[in-house]
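Each residue of the sequence shown is one higher than the one before, counting from 10 in our numbering. Virtual Cβ for every residue (Gly too), placed ideally from N, Cα, C. Following: one structure in structure tokens, then a few remarks.
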Amino acid sequence: MKLIDFDFEDNIKDHAAYKSLEYLKLPDKRMEEFRKFDLSKLYATSFNLMPNTPTNNIEAFENIDEFINNDFHTLFINNSTIQTPNNHLSKQIKISHLPKEKNFSKNALFHLGETFIELQSKIEISNTLDKPLLIVNLFTSNNSFRPTSLHISLEENTNVDILELFISSNTGECFLNINRKITLKQNAILNYSKVEKSSKNDTSIFNYQSNLLKKSTLNMVSVNSNAKKSLNFWDFSLDNEDIILNIDAIVNINEDKQSANIANIVHNKENIKSEINAKHILYDSAHAIFEAKSTINRDASKAKVFQSSKTTLLSDDARIFAQPQLLIQTENLEAKHSATCGAMNEEELYYLISRGIPEKKAEAMLIESIENEVVEKIHNQNIQEFVLAFKGKHNV
């Protein structure tokens, strides 16, 4: 199956999503957001289409016990199928598979994934949890296109911490098209973190949508990927008053890998705060893109809007394209955007070397400190510690 040929009519499970995909077309260089992030080779690659069924029991995966402990409620998504180990899921967490609602996203990649998925997998959390929820996504495919979709919903006045891990043991060229929709009822707070451990020939595309009600807060932290190509596409329409949205991302890539953070954030009501910060650490001929557009509409006064991209280039061949954009249609607001780029801080490096630390180790310490600035944005201490341990163990 080649996506560019749309030769998958026999596999369509959601005809409304397919019609939206046909109308919107797969994104290419003609679209502003994708001028620097070329997916044409991906569309022309011949993939196997993998059904949303597990290929192994979760017990068959190596070191699975490291994800099951008393600090978390734990569930697994094994090749897109939700599986729960005994005694590690709270009664406040409900899992369902429901008929889909109509989706009006303008992100064609979101509709691409939904085209092959019949029912919406949903996690509903009815009350504040006593400990974080750990969602472990496991992928084992060969030369495959793997669409997956999950809707996370929090009831009113809940405060929840979620960590999603995405762990790939794929072989060959694989395309993981991952959709996440987040619904927060009034006064709900979700602290959501994502960490990836990809196979070297993976392309991972994360499509995020939200439905945030009045006085809700969404804090997101994305910790890099070692995929060949990776994309976070944050598409958030903020349609209620007093919403807070914070996004922090760290990208640390080498060789000729590519990573993009694309955000389309729209303020439609008063007193909304949105902030997106991305840090990039680029080696060799790695290439990163930061394309953030925040639109503050006429009825969205008293807005606070911040965008920031900071890049450390560790090679003459590494590249960053950073384009923060503000489209402002109201006067009463606070807004700021910035994009900075440079080499490693020579003064800090010299100081460490002068203290007797070898140069390579000093460089590694400075890089680690940049990464940790983002990890420290994670609100829950247990998740912070888990992420740092996971990164160290798996060299993420």
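Could you say which of the options lies nearest to residue i if we only look at CA atoms?
| i | options | result |
| --- | --- | --- |
| K302 | D325, K288 and L336 | L336 |
| N263 | A297, L247, N381 and L193 | A297 |
| K237 | I102, I305 and C183 | C183 |
| S177 | S213, N20, Q129 and T124 | S213 |
| P108 | K131, T93, D265 and S89 | K131 |
| L159 | V145, E250, S318 and L323 | V145 |
| K11 | E42, S49, R44 and R39 | S49 |
| I191 | I134, L322 and T304 | I134 |
| D293 | D248, K103, K223 and R328 | R328 |
| A53 | S219, N152, K345 and S114 | N152 |
| F315 | L323, I259, E343 and L322 | E343 |
| L221 | F215, E355, K28 and K278 | K278 |
| K111 | S89, S268, Y27 and V260 | Y27 |
| R189 | P36, N261 and K203 | K203 |
| V275 | I290, A269 and E250 | E250 |
| H304 | K282, D23 and N286 | First, the residue type needs correcting, since residue 304 is Thr and not His in the sequence shown. Nearest of K282, D23 and N286 to T304, Cα basis: K282. |
| D14 | L121, N341, L138 and G365 | L121 |
| A295 | T321, N87, K313 and I285 | T321 |
| N57 | F125, T137 and P141 | F125 |
| Q267 | I290, N255 and I161 | I290 |
| L143 | S162, T93, G181 and E164 | T93 |
| A25 | Q334, F119, A258 and L323 | F119 |
| E9 | P333, Q101 and S239 | This structure gives no information on residue 9, because the portion of the chain shown stretches from 10 to 405. |
Could you please give me the residues that DSSP links to residue i through a beta bridge?
| i | result |
| --- | --- |
| K203 | E173 and S231 |
| N188 | S158 and N216 |
| H289 | V260 and T320 |
| H106 | S130 |
| V145 | F85 and L174 |
| F17 | Note: F17 sits in no beta bridge, so no partner. |
| E284 | N255 and F315 |
| H276 | L247 and I305 |
| I379 | None, per the DSSP bridge assignment. |
| I77 | Bridge partners of I77: none, in fact. |
| Q393 | Looking at the DSSP assignment, Q393 forms no beta bridge with any residue, so it has no partner. |
| I271 | F242 and E300 |
| D211 | C183 |
| Q92 | F85 |
| K11 | S55 |
Classify residue i: buried if its beta carbon has 16 or more other beta carbons within 10 angstroms, exposed otherwise.
| i | result |
| --- | --- |
| M374 | exposed |
| K209 | exposed |
| Q338 | exposed |
| A352 | exposed |
| Y217 | buried |
| E123 | buried |
| T349 | exposed |
| D211 | buried |
| P156 | buried |
| I104 | exposed |
| P367 | exposed |
| S7 | Residue 7 lies beyond the stretch modelled for the chain, which goes from 10 to 405, so this question has no answer here. |
| D325 | exposed |
| F3 | Residue 3 falls outside the range modelled here, since the chain spans only 10 to 405, and no answer is possible. |
| K288 | buried |
| E380 | buried |
| E356 | exposed |
| M59 | buried |
| N270 | buried |
| N116 | buried |
| L398 | The displayed chain sequence assigns Ala, not Leu, to residue 398. Exposed, by the Cβ-count rule. |
| K224 | buried |
| D47 | exposed |
| E300 | buried |
| D74 | exposed |
| N186 | buried |
| K400 | buried |
| S55 | exposed |
| K370 | exposed |
| E205 | buried |
Segments of 3+ residues assigned as beta strand (DSSP E) that fall wholly inside the segment 295 to 348: 296 to 305, 312 to 322 and 328 to 337
Count the CB pairs spanning the segment 194 to 211 and the segment 221 to 234 that are closer than 8 Å, and state whether there are at least three. Taking 8 Å as the limit for Cβ pairs, the verdict is that the segment 221 to 234 does touch the segment 194 to 211.
Spell out a yes or no on whether the segment 306 to 318 and the segment 77 to 84 are touching, meaning 3 or more CB-CB pairs, one atom from each, closer than 8 Å. No: fewer than three Cβ pairs fall under 8 Å.
Do the segment 386 to 393 and the segment 166 to 173 meet, that is, are 3 or more Cβ pairs less than 8 Å apart? Yes, they touch.
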